[in-house]
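S.K.:
Number of protein chains: 2
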Amino acid sequence: MARTPQDVTDAELAVLQVLWDAGPLPIRRITEVLYPAGKPAQYATVQKLLERLEAKQCVTRDRSMPTHVFRAAIDRDDLVGRRLQAVAEKLCGGSWTPLLTHLVANQSLSEADRDLLRALIQEQAPKPRRRKESA
Amino acid sequence: MARTPQDVTDAELAVLQVLWDAGPLPIRRITEVLYPAGKPAQYATVQKLLERLEAKQCVTRDRSMPTHVFRAAIDRDDLVGRRLQAVAEKLCGGSWTPLLTHLVANQSLSEADRDLLRALIQEQAPKPRRRKESA
DNA sequence: AGCCTGTCAGACAGTACGTCTGAAAAAGAG
DNA sequence: CTCTTTTTCAGACGTACTGTCTGACAGGCT
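Taken in sequence, the protein lines are chains R and Y.
Quick note: the first sequence, position 92, residue 92 per the numbering used here, numbers continuous.
Quick note: the second sequence, position 53, residue 1053 per the numbering used here, numbers continuous.
1. Counting only Cβ-Cβ distances shorter than 9 Å, please list the residues of the segment 48-76 of chain R near chain Y, keeping chain order.
2. Determine, using beta carbons only, whether R:I121 and Y:L1120 come nearer to each other than 8 Å.
3. In the DSSP assignment, the beta strand (DSSP E) including Y:R1061 goes from what residue to what residue?
4. Reducing DSSP to helix, strand and coil, say where R:K132 ends up.
5. Is R:R3 helix, strand or coil when you go by DSSP?
6. To which residues of the same chain is Y:A1014 closer than 7 Å at the C-beta, ignoring the five residues directly before and after it?
7. Using a C-beta to C-beta distance shorter than 9 Å, which residues of chain R count as neighbours of Y:P1098?
8. Give the interface partners of Y:L1117 over in chain R, defined as CB-CB distance under 7 Å, in chain order.
9. Going by Cα to Cα distance, which pick from R:I30, R:D10, R:Q124, R:E123 is closest to R:T67?
10. What are the boundary residues of the beta strand (DSSP E) that includes Y:V1069?
11. With the cut-off set at 8 Å, would you say Y:C1058 and Y:I1074 are in Cβ contact?
12. Would you report the Cα separation of Y:L1049 and Y:A1055, rounded to the nearest angstrom?
13. Of all the alpha helix (DSSP H) runs that stay within the bounds of the segment 1018-1055 of chain Y, which reach a length of 4 or more residues?
14. 8 Å is my cut-off, CB to CB: does Y:V1087 come that close to chain R?
15. Counting only beta-carbon atoms, is R:K90 nearer than 8 Å to chain Y?
16. Using a Cβ-Cβ cut-off of 8 Å, state whether R:T31 counts as contacting chain Y.
17. Smallest Cα separation from Y:A1041: which of Y:L1053, Y:R1028, Y:R1052?
18. Let me confirm a value: R:E12 is counted as buried when at least 16 other C-beta atoms fall within 10 Å, else exposed. Which label applies?
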């Protein structure tokens, strides 16, 4: 029975978080954030993590300068989507409804959350009449 | 940097799915479902998977008969919740709002889904007057 | 008694993954 | 020009995870 490796591992995610917060950055800067009082070897750890993220197409590398600069190629919401997709596929036969139901029924939503949801649902409803709207 | 092992692995999940669908069941029955044309050794595979699930408190074992019977101790919605919790914690600082936003804004919801969501949201709204309700 | 089924327990092997070493090139400083 | 530091490139290492398997023992059935 096949296993599913992680789309992004914990250590890779830590690198992505740094790039989301402060990217694009070179390896040295990322290492300084992740390992503030770090060992020299940890430069190589971040290097390896970036190599794997590049292979997974989660980061891109700008080689135009001698010191390469890395940028996240997926954003936080992309990854949230992938993770939610994985949960839907593995547990609910691909259906999103149980995830929605779980989130809405099982969490104490704030008034702001409820308002936001109503607005989003409204956004999705088919419009009774098509109007020209500015882009 | 610590790794997070899976709460339930793919193979363990396959066992749980069988128990959700047709449990409670003994090992032999579970093995027949998971490995229809299976090797004798796969009895031991399922055995080991059940042992690990028991240790994780995801299944319970009824030892009152010579042939032990296994039952899921968490249901599908429990596991959905755990997985969603994990996504919220790792990607959104624990907040559910981005997950909700992603699900509602990024999926083509059916009319039935929208109606369901409106009802659930309504359910969550504070009632204008508190009434005694039977438990 | 022999065979089959089930439990109990541990071991195995491959993969994942965070970490590290080493060679080579280039930049910086004196 | 020489030496040091930084960076890239490439691979290896070690531990844990995880799916799978072996073996001993007990009990039921024929």
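Glycine included, C-beta positions come from ideal geometry on N, C-alpha and C.
M.R.: Concretely, from the data shown:
1. Within the segment 48-76 of chain R, the residues whose Cβ lies closer than 9 Å to any Cβ of chain Y are, in chain order, R76.
2. Taking the first residue of the first sequence as position 1, residue 121 of chain R is located at position 121. Taking the first residue of the second sequence as position 1, residue 1120 of chain Y is located at position 120. In this structure, R:I121 sits away from Y:L1120, with a CB-CB distance that is not shorter than 8 Å.
3. Stepping through the second sequence from its first residue, residue 1061 of chain Y is reached at position 61. Going by DSSP, Y:R1061 is part of the beta strand (DSSP E) stretching over 1059-1062.
4. The count along the first sequence starts at 1 and reaches residue 132 of chain R at position 132. Any answer about R:K132 is weak, because its pLDDT of 46 lies below 50 and its placement is not dependable; what the coordinates show is given next. DSSP, reduced to helix, strand and coil, places R:K132 outside both helices and strands of the structure shown, so it counts as coil.
5. Position 3 of the first sequence, counted from the first residue, corresponds to residue 3 of chain R. Here R:R3 sits in coil by DSSP.
6. Numbered from 1 along the second sequence, position 14 holds the residue referred to as residue 1014 of chain Y. So the list reads L1034, once near-sequence residues are dropped.
7. Translated into positions along the second sequence, residue 1098 of chain Y becomes position 98. Neighbours of Y:P1098 in chain R, taken as residues at a C-beta separation under 9 Å, are given in chain order as R76, D77, V80.
8. Along the second sequence, read from residue 1 onward, the residue named residue 1117 of chain Y stands at position 117. Simply L100, V104, L117, I121.
9. As a first step, residue 67 of chain R must be located in the first sequence, where it is residue number 67. The candidate whose alpha carbon is nearest that of R:T67 is R:I30.
10. The residue you call residue 1069 of chain Y lines up with position 69 of the second sequence. Start and end: 1069-1072.
11. Within the second sequence, the letter at position 58 stands for residue 1058 of chain Y. Within the second sequence, the letter at position 74 stands for residue 1074 of chain Y. Their beta carbons are under 8 Å apart, which means Y:C1058 touches Y:I1074 by this criterion.
12. Along the second sequence, read from residue 1 onward, the residue named residue 1049 of chain Y stands at position 49. Along the second sequence, read from residue 1 onward, the residue named residue 1055 of chain Y stands at position 55. Roughly 10 Å between the two C-alpha positions.
13. Listed in chain order, they are 1027-1034, 1041-1055.
14. By 1-based counting over the second sequence, the position of residue 1087 of chain Y is 87. Cβ-Cβ to chain R under 8 Å: yes for Y:V1087.
15. Position 90 of the first sequence holds residue 90 of chain R. Under the Cβ criterion of 8 Å, R:K90 is counted among the residues facing chain Y.
16. Translated into the one-based positions of the first sequence, residue 31 of chain R becomes position 31. Output row for R:T31: interface = no.
17. Along the second sequence, one-based indexing puts residue 1041 of chain Y at 41. Scanning Y:L1053, Y:R1028, Y:R1052 for the CA closest to the CA of Y:A1041 turns up Y:R1028.
18. Counting from 1 along the first sequence, the entry for residue 12 of chain R is found at position 12. Burial of R:E12 is indicated by the presence of at least 16 other C-beta atoms within 10 angstroms of its C-beta.
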